[in-house]
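Using the numbering used here, you'd call the opening residue of the sequence shown number 40 and step up by one each time. All C-beta atoms, glycine included, are put in the ideal place defined by N, C-alpha and C. Some notes on the structure that comes next.
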Amino acid sequence: MMRLLKFVWWFCVTIFCGLLLSFSGAYLYLSPSLPSVDSLRSIQLQIPLRVYSSDAKLIAEFGEMRRSPIRFADIPPDFIAALLSAEDDNFAHHYGVDFSSLMRAATQLLKSGQIQTGGSTITMQVAKNYFLTSERSFSRKINEILLALQIERQLSKDEILELYVNKIYLGNRAYGIEAAAQVYYGKSIRDVSLAQMAMIAGLPKAPSRFNPLVNPERSKERRDWILGRMFKLGKIDEARYQAALQEPIDASYHVPTPELSAPYVAEMTRAEMVGRYGGDAYTEGFHVTTTVPSQLQEAANHAVRQGLISYDQRHGYRGPETRLPGMTRNTWLLELAKQKTIGGLEPAIVTQVEKSGIMVLTRSGQEEAVAWDSMKWARPFLNTNSLGPRPQQPADVSQIGDLIRVLRKEDGSLQFSQVPAAQSALVSLDPQNGAIRALVGGFSFEQSNYNRAIQAKRQPGSSFKPFIYSAALDRGYTAATLVNDAPIVFVDEYLDQVWRPKNDNNTFLGPIRLREALYKSRNLVSIRVLQAIGIDYTLNYISKFGFNRQDLPRNLSLALGTANLTPLEIAGGWSTFANGGFKIQPYLIDRVDSRSGQALFIANPASVPSDPIAATAVAAAPEQPAEASLTSVNHPDSQPAAAERILDARTAYIMTSMLQDVIKRGTGRRAMAMGRSDLAGKTGTTNESKDSWFSGYNADYMTTVWTGFDQPESLGSHEFGGTVALPIWMTYMSAALKDKPAHPPAEPEGLLTLRVDPLSGRAAPPGTPNAYFELFKSEDSPPPMSEFEPGSGVPGSPLPADDAAPIDLF
Numbered sequence: 040m041m042r043l044l045k046f047v048w049w050f051c052v053t054i055f056c057g058l059l060l061s062f063s064g065a066y067l068y069l070s071p072s073l074p075s076v077d078s079l080r081s082i083q084l085q086i087p088l089r090v091y092s093s094d095a096k097l098i099a100e101f102g103e104m105r106r107s108p109i110r111f112a113d114i115p116p117d118f119i120a121a122l123l124s125a126e127d128d129n130f131a132h133h134y135g136v137d138f139s140s141l142m143r144a145a146t147q148l149l150k151s152g153q154i155q156t157g158g159s160t161i162t163m164q165v166a167k168n169y170f171l172t173s174e175r176s177f178s179r180k181i182n183e184i185l186l187a188l189q190i191e192r193q194l195s196k197d198e199i200l201e202l203y204v205n206k207i208y209l210g211n212r213a214y215g216i217e218a219a220a221q222v223y224y225g226k227s228i229r230d231v232s233l234a235q236m237a238m239i240a241g242l243p244k245a246p247s248r249f250n251p252l253v254n255p256e257r258s259k260e261r262r263d264w265i266l267g268r269m270f271k272l273g274k275i276d277e278a279r280y281q282a283a284l285q286e287p288i289d290a291s292y293h294v295p296t297p298e299l300s301a302p303y304v305a306e307m308t309r310a311e312m313v314g315r316y317g318g319d320a321y322t323e324g325f326h327v328t329t330t331v332p333s334q335l336q337e338a339a340n341h342a343v344r345q346g347l348i349s350y351d352q353r354h355g356y357r358g359p360e361t362r363l364p365g366m367t368r369n370t371w372l373l374e375l376a377k378q379k380t381i382g383g384l385e386p387a388i389v390t391q392v393e394k395s396g397i398m399v400l401t402r403s404g405q406e407e408a409v410a411w412d413s414m415k416w417a418r419p420f421l422n423t424n425s426l427g428p429r430p431q432q433p434a435d436v437s438q439i440g441d442l443i444r445v446l447r448k449e450d451g452s453l454q455f456s457q458v459p460a461a462q463s464a465l466v467s468l469d470p471q472n473g474a475i476r477a478l479v480g481g482f483s484f485e486q487s488n489y490n491r492a493i494q495a496k497r498q499p500g501s502s503f504k505p506f507i508y509s510a511a512l513d514r515g516y517t518a519a520t521l522v523n524d525a526p527i528v529f530v531d532e533y534l535d536q537v538w539r540p541k542n543d544n545n546t547f548l549g550p551i552r553l554r555e556a557l558y559k560s561r562n563l564v565s566i567r568v569l570q571a572i573g574i575d576y577t578l579n580y581i582s583k584f585g586f587n588r589q590d591l592p593r594n595l596s597l598a599l600g601t602a603n604l605t606p607l608e609i610a611g612g613w614s615t616f617a618n619g620g621f622k623i624q625p626y627l628i629d630r631v632d633s634r635s636g637q638a639l640f641i642a643n644p645a646s647v648p649s650d651p652i653a654a655t656a657v658a659a660a661p662e663q664p665a666e667a668s669l670t671s672v673n674h675p676d677s678q679p680a681a682a683e684r685i686l687d688a689r690t691a692y693i694m695t696s697m698l699q700d701v702i703k704r705g706t707g708r709r710a711m712a713m714g715r716s717d718l719a720g721k722t723g724t725t726n727e728s729k730d731s732w733f734s735g736y737n738a739d740y741m742t743t744v745w746t747g748f749d750q751p752e753s754l755g756s757h758e759f760g761g762t763v764a765l766p767i768w769m770t771y772m773s774a775a776l777k778d779k780p781a782h783p784p785a786e787p788e789g790l791l792t793l794r795v796d797p798l799s800g801r802a803a804p805p806g807t808p809n810a811y812f813e814l815f816k817s818e819d820s821p822p823p824m825s826e827f828e829p830g831s832g833v834p835g836s837p838l839p840a841d842d843a844a845p846i847d848l849f
């Protein structure tokens, strides 16, 4: 017996020594290749990119991993207790490795030949999650043990737990317990109940199997087991235990819901951040603040959608998106689940047709009424210019099984609608520094992520004329200059082509002053002015506004707005008129902060000087950049660079005065309904009404609206800039300027106001009938009529007489 005991003793000693030598050898062999545990102190977890409005409302989140790191001090003690009860109840006492668990795992390995359970402690899981792969092998397990021992020596238990709870994957793209609480319960881990904490604590073992959204029954079993462990270990008393067991599994999917709908702004920001930081933009936890205030963006969203729906309904109903007659309610619900809400228009299927209206099934499974009054607009669409007869009853519009669109009003009622075929874009800038205050790139980002505000190059039509007129004012013209509005023909003898430009109404007014020609949008006057001042001079002049010269045609059609430009480019150029003559560069990102809240970038764009009237000279210095690199930080007290003056302040002021007349008595008269005296703007309509524009401003905001079809086609023979784009502009600007006092530009020095003879364009002597007051630069004021010499030219015009008359060019 004694010999047997000695044999057993020495056998155990031999096994122990063998294991010790094996472990020591493994340590000596593997330790040189082990990563440094010190790196865990400065580890950078992947955190998504988040984009906010200027008033801190979430616009979007980009990144595959949802993660919101939490400090150990902010973790509820109940959650720590639940987690340790589920994963490692001996965590407080071991040194990184629980040898009893390892022996159990080794026994399973010897019996089955496979690793079934890892026997891992939380420390070992930290080692695996941060440094190793998920490969189930003996060498990886040894590395895991060695790393766990090192981690325990160098980090505190609190630090280890903080690393663990922020790294673990908990299903539905949630990494870390804070993200999981937000995904499953829509609130912070600090605000969830004990039962909910136990549910989250049960996820690390198998996020798919115990997912409460996919397997609520298994999730409840796992939760209740953890609660039982907590009770058994004395972490909770019986009353809390029993109360927690009674809670239902109430988890639901909570996607971080944007507080502000601005998808085109979000995509522009994402693209710019990726351009600056590459793939790190999605993982480094950047907090990006844009220049867009939420109330202005919401006003822009509403204006574009309302304007497009209004235009669309004027042109009739194109019928249901599809017909699904004879189907069951469940089949209809399956079809509705496939549809997206587009621009606030919900999909619905007609279930009943009555005299008072129709009943529709919505995706919520509810049947709701749509009143007949909201359907009366739905005359059948025949073509852009023709409609069918007015419907007399709901049955003339809809049938059972029609898949239609409805608009939910603020009171919850539904209106009959359809997704507009036309598109629109709106850009609103602060003309003082170029900050984008609102931007809409289309009716709905869900329908199309094509951003027409920055990607659609379209002809601006007459909304481009102010640049031609401005060039003329700096070439000796005045607002009182008379130019002949008469037919003109251009012939190309080599191509045997004839160009006969005309006004939109095919009328001619004869000699007309420049101011009147602008607010009446006379095409032939613009062409004559451009011909007189010269193409090359005009191209050089207009290029200073920020336009790419390659987009500007080198021919007289430039006077009619045939350049191909985006709404953002137009808005940027027009801002020069709004700010008194300075070039600004539109920008969107106002600030970038790191995950820790450190400012990485603060925008400091070139801005209009605080005393712009004093800066009257046109700058000769090179253009200032609009933004510094996104990898640098501007000092918060640093003064912005002065924007480059590209236009005489007096020219800008006279142009504003002329553009105010477009609203007071010209093609923008509808805007008079806004009841403001400080608005200036210009309509634009291209050939066959394929593009509708309105650009306008006061000193606070410069806003451009474009409307048209993505594949250019006519908006309708009776649709113009003043009927399609202008109403959208008015809706937005009315909201943007609500409660704001009138803010016209300050009048610069060097201007004169003189009475002018309407027949001659010269200074009017006393008693001249119908004389009017006009603004002039002091050096360009017209002489009195007595100084006019017959034959010297057209009265009030710098042109020779022959150039102001109808001509043929060969």
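Scanning His341, Pro499, Leu373 for the CA closest to the CA of glycine 481 turns up His341. Annotation: the region 287 to 356 contains the following complete segments of the beta strand (DSSP E) (minimum length 3 residues), in chain order: 326 to 329. Listed as beta-bridge partners of threonine 742 by DSSP are Ser467, Gly735. Counting the other Cβ atoms within 10 Å of the Cβ of proline 804 gives fewer than 16, which makes it exposed. At least 7 Å separates the beta-carbon of alanine 410 from that of proline 430. For the 7 Å CB-CB criterion, serine 92 and serine 333 form a contact.
DSSP, reduced to helix, strand and coil, places glutamate 608 within a helical segment of the structure shown. Two segments are said to touch when three or more pairs of C-beta atoms, one from each, lie closer than 8 Å; by this definition the region 438 to 457 touches the region 373 to 392.
Judged by DSSP secondary structure, methionine 398 falls within the beta strand (DSSP E) whose first and last residues are 396 to 401. C-alpha of proline 644 to C-alpha of glycine 611: approximately 14 Å in a straight line. Around the beta carbon of glycine 714, fewer than 16 other beta carbons lie within 10 angstroms, which makes this residue exposed. Of the candidates Ala290, Pro297, Asp469, the residue whose Cα lies closest to the Cα of leucine 607 is Asp469. Membership of threonine 770 in the alpha helix (DSSP H) is indicated by the continuous run 765 to 775.
For the options Ala511, Asn250, Gly273, the alpha carbon positioned closest to that of leucine 578 is the one of Ala511.
Under the three-state reduction of DSSP output, threonine 695 falls in the helix class. If the five residues before and after glutamate 485 are omitted, its C-beta is found closer than 6 Å to the C-beta atoms of Lys379, Ile381, all from its own chain and listed in chain order. Contact between the region 389 to 396 and the region 424 to 439 is established, with three or more Cβ pairs separated by less than 8 Å. Residue burial is scored here from C-beta neighbours: alanine 376 has fewer than 16 other C-beta atoms within 10 angstroms and is therefore classed as exposed. For proline 115 and arginine 229, the gap between their C-alpha atoms comes out near 6 Å. Taking a C-beta distance under 7 Å as the contact criterion, proline 251 and isoleucine 207 do not qualify as a contact pair.
Excluding five sequence positions before and after proline 359, the CB atoms of its chain that fall closer than 6 Å to its own CB belong to Asp441, Leu442, Ile443, given in chain order.
If you compare the alpha carbons of Tyr169, Lys226, Ser159 with that of isoleucine 184, the shortest gap goes to Ser159. DSSP places aspartate 117 inside the alpha helix (DSSP H), whose first and last residues are 116 to 126. Taking the C-beta atoms as reference points, threonine 162 is found no nearer than 7 Å to isoleucine 119. By the CB criterion at 7 Å, leucine 791 and serine 820 fall inside the cutoff. The C-beta separation of valine 304 from leucine 478 comes to about 5 Å, placing the pair in contact by the 8 Å criterion.
Contact check for phenylalanine 249 and arginine 261: beta-carbon distance about 5 Å, within the 8 Å limit, so the pair qualifies.
Residue pairing by DSSP places lysine 816 opposite Leu790 in a beta bridge.
Exclusion of the five residues before and after serine 560 leaves Ser501, Thr706 as the residues of its chain whose Cβ lies within less than 6 Å of its Cβ. Note on serine 646: 16 or more other CB atoms within 10 angstroms of its CB, so buried under the neighbour-count rule. For isoleucine 348, the closest C-alpha among the options Lys167, Met104, Gln462, Gln624 is that of Gln462. Taking 7 Å as the cut-off, the Cβ atoms of threonine 725 and glycine 761 do not count as close.
Of the residues Ser425, Leu814, Leu400, Gly573, the one whose Cα lies closest to the Cα of alanine 519 is Leu814. Taking C-alpha positions only, valine 294 is separated from threonine 308 by approximately 20 Å.
Taken atom to atom, the span from the alpha-carbon of arginine 447 to that of leucine 557 is near 42 Å.
Runs of the alpha helix (DSSP H) lying entirely within the region 172 to 229, each at least 4 residues long, are 177 to 193, 196 to 206, 216 to 224 in chain order.
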